[in-house]
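Asker:
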Amino acid sequence: MKIIYAGSPEAAKITLEFLVENQQQYGFEIAGVLSNPPTAKGRHKTPTPTPVAEYALSKGLPVFTPEHLDSASREQIAPLGADLLVCFAYGHIFGPKFLALFPMGGINLHPSFLPKYRGCTPVQQAILEGDELLGISIQTLSLKMDAGDILKQDFVSISETATTEALLNYSAKAGAKMICSIIAESAKAGSLIKGKPQSKEGITYTYTITKDMAKINWNESAEAICRKIRAYYPDPCCWCIEQNESVLKILGANPLMQSDIEDLVADNVYKAFPCGKVLTYNKNAGGIYVKTGDGVLSITRLQRQGKNVMGYKDFMNGAKDFVGTVLK
Numbered sequence: 075m076k077i078i079y080a081g082s083p084e085a086a087k088i089t090l091e092f093l094v095e096n097q098q099q100y101g102f103e104i105a106g107v108l109s110n111p112p113t114a115k116g117r118h119k120t121p122t123p124t125p126v127a128e129y130a131l132s133k134g135l136p137v138f139t140p141e142h143l144d145s146a147s148r149e150q151i152a153p154l155g156a157d158l159l160v161c162f163a164y165g166h167i168f169g170p171k172f173l174a175l176f177p178m179g180g181i182n183l184h185p186s187f188l189p190k191y192r193g194c195t196p197v198q199q200a201i202l203e204g205d206e207l208l209g210i211s212i213q214t215l216s217l218k219m220d221a222g223d224i225l226k227q228d229f230v231s232i233s234e235t236a237t238t239e240a241l242l243n244y245s246a247k248a249g250a251k252m253i254c255s256i257i258a259e260s261a262k263a264g265s266l267i268k269g270k271p272q273s274k275e276g277i278t279y280t281y282t283i284t285k286d287m288a289k290i291n292w293n294e295s296a297e298a299i300c301r302k303i304r305a306y307y308p309d310p311c312c313w314c315i316e317q318n319e320s321v322l323k324i325l326g327a328n329p330l331m332q333s334d335i336e337d338l339v340a341d342n343v344y345k346a347f348p349c350g351k352v353l354t355y356n357k358n359a360g361g362i363y364v365k366t367g368d369g370v371l372s373i374t375r376l377q378r379q380g381k382n383v384m385g386y387k388d389f390m391n392g393a394k395d396f397v398g399t400v401l402k
């Protein structure tokens, strides 16, 4: 049985790695890989392949990076004789003519309890909503976004410190195992296994995340800000503005209550401070404390504009005047 794999980012590379390493065990062959075209990166704008394309090339797999899935791309894929299209975070919509190239159709890994959180940012949304579990769904590819039949579902617990990066990486490997199981079952049956139609109730959609969405509003609660920091890591990363008008990225933090720092900041002093005020630095307990609309944000990892990522201790060693400033 032959498959074409379609994916682009780092998490999709993790899925491809598992498929490559286990294709013999599960009785399939990766006939080719679809990925987004190279993008210009770095100071010299060097064309850089996606993580999926780079890995596939290192394994000697045929790689296709069309701008559009048009007749020319179909002519490239058709001779490979693939039975099934497997997709995770590819970035293109598959039309009926392209899907018709695959006798068994296509399947897609989507990290949510479909039909909840359809769209491109389900993991981020689950963190922002404070969900305790993240679904991992394998669905059939349909002409409507994330509306295919459910072939298999699993889940992972969302810890209080889990980031989008960590959850995507876990989902990528767990989903790869589910995909291998589906391929093996389908090969034995001679056709793609039957799925279950999605419920018409509980359908929600996610949205494309912009840099502006990741700007910290210090009037929000420490808990809400922490969720944003976790949800928007590693891209686009939460940020705020220092008093000198430079950008400061906040990459790691924990929520605290005012009572947690009452031995460091008196109650009457705390109440007089505006939200965004850098209250103090606790070297032993672990963080730079900033007042929020409800509670205190304890910052553990941050990055000044044009500088390297730092832990709070190293940061404070070079920023003695940071305490007392107001972030906005």
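Residue numbers (the numbering used here): 75 to 402. Where a beta carbon is used, it is the ideal one built from N, C-alpha and C, also for glycine. Since the structure is predicted, the reported quantities are computational estimates derived from the model, not experimental observations.
1. Buried or exposed for L90, please, with buried defined as at least 16 other CB atoms from any protein chain shown within 10 angstroms of its CB.
2. To which residues of the same chain is A146 closer than 8 Å at the C-beta, ignoring the five residues directly before and after it?
3. Please state whether DSSP places E103 in a helix, a strand or coil.
4. Suppose the cutoff is 8 Å on Cβ atoms and the five residues either side in sequence are ignored; what does the same chain contact list for K247 look like?
5. Within the same chain, show all residues whose beta-carbon is closer than 7 Å to that of T122, passing over the 5 residues directly before and after it, in chain order.
6. Quick one: what does DSSP say S147 is sitting in, helix, strand or coil?
7. Run the CB neighbour count on A296, radius 10 Å, all protein chains shown included, and call it buried at 16 or more, exposed below.
8. Distance check for I315 and T278, CA to CA, integer angstroms please.
9. Out of T120, R117, V339, Y129, which has the shortest C-alpha to C-alpha gap to P83?
10. K365: which of F389, K357, G385, I335 sits nearest, CA to CA?
11. So T214 is in the beta strand (DSSP E); what residue range does that whole segment cover?
12. State the start and end residues of the unbroken alpha helix (DSSP H) segment that holds K76.
13. Taking the alpha helix (DSSP H) that C254 falls in, what are its first and last residues?
14. Quick check on the DSSP output: the beta strand (DSSP E) that includes K115 runs from which residue to which?
15. Beta carbon of V300, beta carbon of L241: below 8 Å?
16. Would the region 175-184 and the region 150-159 be scored as touching if the rule is three or more Cβ pairs under 8 Å?
17. Count the other CB atoms, across all protein chains shown, that sit within 10 Å of the CB of L207; report buried if there are 16 or more and exposed otherwise.
18. Are the CB atoms of C349 and G367 nearer to each other than 8 Å?
19. DSSP three-state label for V197, please.
20. Can I256 and L215 be called in contact, C-beta distance under 8 Å?
21. In or out: D220 buried (at least 16 other Cβ within 10 Å) or exposed?
22. Using only alpha-carbon positions, find the residue among K289, F168, A288, V94 that is nearest to K133.
23. Could you check where the alpha helix (DSSP H) with P170 kicks off and where it finishes?
24. With a threshold of 16 other CB atoms inside 10 Å of the CB of T195, please say whether the residue is buried or exposed.
25. Nearest to K76 by CA position, among T124, A105, A359, Y281, is which residue?
26. So the alpha helix (DSSP H) K394 belongs to, where does it begin and stop?
27. What is the rounded straight-line gap between the Cα of K394 and the Cα of V400?
28. According to DSSP, is P153 helix, strand or coil?
29. Could you pull the start and end residues of the alpha helix (DSSP H) that C300 belongs to?
30. In angstroms, rounded to a whole number, what distance separates the CA positions of I201 and D337?
31. Can you tell which of E203, M390, S260, K302 has its C-alpha closest to the C-alpha of S186?
32. Any idea what DSSP makes of L353, helix, strand or coil?
Answerer: Taking the coordinates as given:
1. buried
2. Excluding residues within five positions, the ones whose Cβ falls inside 8 Å are P140.
3. strand
4. I88, T89, F92
5. P112, T113, K115
6. helix
7. Counting Cβ neighbours within 10 Å, A296 comes out buried, since at least 16 surround it.
8. 33 Å
9. The closest CA to that of P83, considering only T120, R117, V339, Y129, is found on Y129.
10. I335
11. Counting along the chain, the beta strand (DSSP E) containing T214 begins and ends at 207-214.
12. Careful: K76 lies outside any alpha helix (DSSP H), inside the beta strand (DSSP E) at 76-81.
13. 238-263
14. Here the beta strand (DSSP E) through K115 covers 113-115.
15. The displayed chain sequence assigns Cys, not Val, to residue 300. Contact: no.
16. yes
17. exposed
18. yes
19. helix
20. no
21. buried
22. V94
23. P170 -> alpha helix (DSSP H) spans 170-173.
24. buried
25. A105
26. No alpha helix (DSSP H) holds K394; DSSP gives it neither H nor E.
27. Approximately 14 Å between the Cα atoms of the pair.
28. helix
29. 296-305
30. 32 Å
31. That would be E203, whose Cα lies nearest to the Cα of S186.
32. strand
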